[in-house]
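See structure below.
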Amino acid sequence: MDKLSVMQAFRRIVERGSFARAAEDLGVSPALLSREIKLLEESLGSSLLTRTTRAMSLTDAGRLYYDEASSILDAVASVETRIRDGAGAVRGHLKVNASSSFGQTVISPILPEFLEAHPDLRLSLSLDDRIVDMIEGGFDVSIRILPAMPDSSLIARKIGTMRQRIFAAPAYLDQAGAPERPQDIAGHRVIGFLLADHLTKWALLGPSGAIILDLDPAIRVGNSLVLRDLLIAGQGIGTLPDFVSNEPERRGELVRVLPEWELPAPEIFAVTASRLGMDAKVTVFLDHLRAAMEA
1213 MDKLSVMQAF RRIVERGSFA RAAEDLGVSP ALLSREIKLL EESLGSSLLT RTTRAMSLTD
1273 AGRLYYDEAS SILDAVASVE TRIRDGAGAV RGHLKVNASS SFGQTVISPI LPEFLEAHPD
1333 LRLSLSLDDR IVDMIEGGFD VSIRILPAMP DSSLIARKIG TMRQRIFAAP AYLDQAGAPE
1393 RPQDIAGHRV IGFLLADHLT KWALLGPSGA IILDLDPAIR VGNSLVLRDL LIAGQGIGTL
1453 PDFVSNEPER RGELVRVLPE WELPAPEIFA VTASRLGMDA KVTVFLDHLR AAMEA
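Per our numbering, numbering of the sequence shown is gapless, rising by one per residue and ending at 1507.
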């Protein structure tokens, strides 16, 4: 057996959750893949996978083998990448995933300078407001904004913190009046973000502590940029992340509502599938992104 090839096959089976899908990815037959894994188990004297007609799961030995094999494969890939990259050259195909609003307002403006600095780099930027499967999509890095990263085999590195505040257009507040306390928001036309965990329940933090508002948004949208545009048009009150609200607030198109109150600040994570660190193209991209966010 070619041990590295078998390790790669075993990891792909585990990550894809299926012999058939892994075989398709690797360009071999499921029967061949099954035979290779059986030979591996026989050589180790231990069962690595528990298989039924409906499901597949790792044994304790299988989990140990997956973890250690992944470390070995990542170490080999890291060495090969460093050698290929030579003296720090950045090449290859960088595949990035992010939410639509973060991608358009934060990532898009930095791309021209980034790509000019790394002319040998190919880039694919996928924008999706729902969390995607990084392995399935083949992404090198995904930017995710969450209160905390759930336990997973992925590696998450915090690259920033997002502030989430309440906004409305001056014209709306002139017409409807500005809320004087959090409870007053329930009497206003609320615009909610469909994909947020605070669509109907705002947990606000302010000078007198925390307060929870149960709301029934009259308008509900699944994109922060659409929500921003509705607020600018005077359609109601809503919450926005700082990377979406900064510019319209600076221009006076939106103003803070109850400026001493805001939602808890989630973290901005760069998520990768690598266990041993990032390759050169991911590293330079995240360095460029961090510098832009701190500017």
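Note that beta-carbon positions come from the ideal geometry of N, C-alpha and C, so glycine has one too.
Buried versus exposed call for residue i [16 or more other C-beta atoms within 10 Å across all chains shown]
{"i": "arginine 1223", "result": "buried"}
{"i": "glutamate 1227", "result": "buried"}
{"i": "lysine 1215", "result": "exposed"}
{"i": "arginine 1393", "result": "exposed"}
{"i": "alanine 1507", "result": "exposed"}
{"i": "glycine 1315", "result": "buried"}
{"i": "threonine 1484", "result": "buried"}
{"i": "serine 1311", "result": "buried"}
{"i": "proline 1419", "result": "exposed"}
{"i": "leucine 1260", "result": "buried"}
{"i": "proline 1331", "result": "exposed"}
{"i": "proline 1391", "result": "buried"}
{"i": "alanine 1482", "result": "buried"}
Beta-carbon proximity of residue i to residue j, cut-off 9 Å
{"i": "valine 1402", "j": "isoleucine 1423", "result": "no"}
{"i": "threonine 1373", "j": "tryptophan 1414", "result": "no"}
{"i": "proline 1382", "j": "glycine 1304", "result": "no"}
{"i": "isoleucine 1357", "j": "proline 1478", "result": "yes"}
{"i": "leucine 1475", "j": "glycine 1434", "result": "no"}
{"i": "leucine 1466", "j": "isoleucine 1444", "result": "yes"}
{"i": "serine 1457", "j": "arginine 1377", "result": "yes"}
{"i": "isoleucine 1355", "j": "isoleucine 1480", "result": "yes"}
{"i": "threonine 1262", "j": "leucine 1270", "result": "yes"}
{"i": "leucine 1417", "j": "proline 1429", "result": "no"}
{"i": "leucine 1238", "j": "arginine 1369", "result": "no"}
{"i": "isoleucine 1371", "j": "methionine 1505", "result": "yes"}
Any chain D beta carbon closer than 9 Å to residue i
{"i": "phenylalanine 1497", "result": "In the displayed structure, chain D is absent; only one protein chain is listed."}
Cα-Cα separation, residue i to residue j
{"i": "glycine 1350", "j": "lysine 1307", "result": "7 Å"}
{"i": "serine 1290", "j": "serine 1282", "result": "12 Å"}
{"i": "glycine 1404", "j": "glutamate 1461", "result": "19 Å"}
{"i": "histidine 1400", "j": "phenylalanine 1455", "result": "25 Å"}
{"i": "valine 1438", "j": "tyrosine 1384", "result": "17 Å"}
{"i": "alanine 1299", "j": "leucine 1501", "result": "With a pLDDT of only 45 at alanine 1299, under 50, the local geometry of the prediction cannot be trusted, and no value is derived from it."}
{"i": "leucine 1366", "j": "proline 1321", "result": "27 Å"}
{"i": "valine 1240", "j": "isoleucine 1347", "result": "19 Å"}
{"i": "leucine 1442", "j": "arginine 1342", "result": "21 Å"}
{"i": "arginine 1375", "j": "serine 1246", "result": "50 Å"}
{"i": "glutamate 1236", "j": "alanine 1380", "result": "51 Å"}
{"i": "isoleucine 1449", "j": "arginine 1266", "result": "48 Å"}
{"i": "serine 1230", "j": "asparagine 1309", "result": "24 Å"}
{"i": "tyrosine 1244", "j": "threonine 1264", "result": "Note on identity: in this sequence residue 1244 is leucine, with tyrosine being the wrong assignment. Spanning the two alpha carbons is a distance of roughly 18 Å."}
{"i": "serine 1313", "j": "glutamate 1254", "result": "51 Å"}
{"i": "arginine 1468", "j": "valine 1302", "result": "42 Å"}
{"i": "alanine 1388", "j": "glycine 1421", "result": "26 Å"}
{"i": "glutamate 1459", "j": "arginine 1440", "result": "11 Å"}
{"i": "glutamate 1472", "j": "glutamate 1280", "result": "49 Å"}
{"i": "threonine 1340", "j": "aspartate 1396", "result": "Note that residue 1340 is aspartate in the sequence shown here, rather than threonine. In a straight line, the C-alpha of aspartate 1340 is about 34 Å away from that of aspartate 1396."}
Integer-rounded CB distance, given that residue j should sit under 8 Å from residue i
{"i": "threonine 1317", "j": "alanine 1492", "result": "Not quite, the Cβ-Cβ distance comes to about 26 Å (not below 8 Å), so this is no contact."}
{"i": "serine 1353", "j": "valine 1496", "result": "Contrary to the premise, residue 1353 reads as valine rather than serine in this sequence. About 11 Å; that fails the 8 Å criterion."}
{"i": "leucine 1427", "j": "alanine 1398", "result": "6 Å"}
{"i": "glutamine 1220", "j": "leucine 1276", "result": "Actually they are not in contact, since the Cβ atoms of glutamine 1220 and leucine 1276 sit about 17 Å apart, beyond 8 Å."}
Cβ-based neighbour list, residue i, same chain, cut-off 8 Å, excluding 5 preceding and 5 following
{"i": "leucine 1327", "result": "Leu1333 and Leu1335"}
{"i": "leucine 1323", "result": "Leu1335 and Leu1337"}
{"i": "glutamate 1325", "result": "His1500"}
Own chain residues within Cβ distance below 7 Å of residue i, not counting five before or after
{"i": "valine 1218", "result": "Glu1248 and Leu1252"}
{"i": "arginine 1233", "result": "none"}
{"i": "alanine 1329", "result": "none"}
{"i": "lysine 1250", "result": "none"}
Close-in-space but distant-in-sequence residues of the same chain around residue i (CB under 6 Å, 5 per side omitted)
{"i": "tyrosine 1278", "result": "Val1226"}
{"i": "serine 1258", "result": "Ala1273"}
{"i": "proline 1453", "result": "Met1374 and Gln1376"}
{"i": "alanine 1360", "result": "none"}
{"i": "glycine 1211", "result": "Not covered by the structure: residue 1211. The range shown for the chain is 1213 to 1507."}
{"i": "valine 1344", "result": "Asn1309"}
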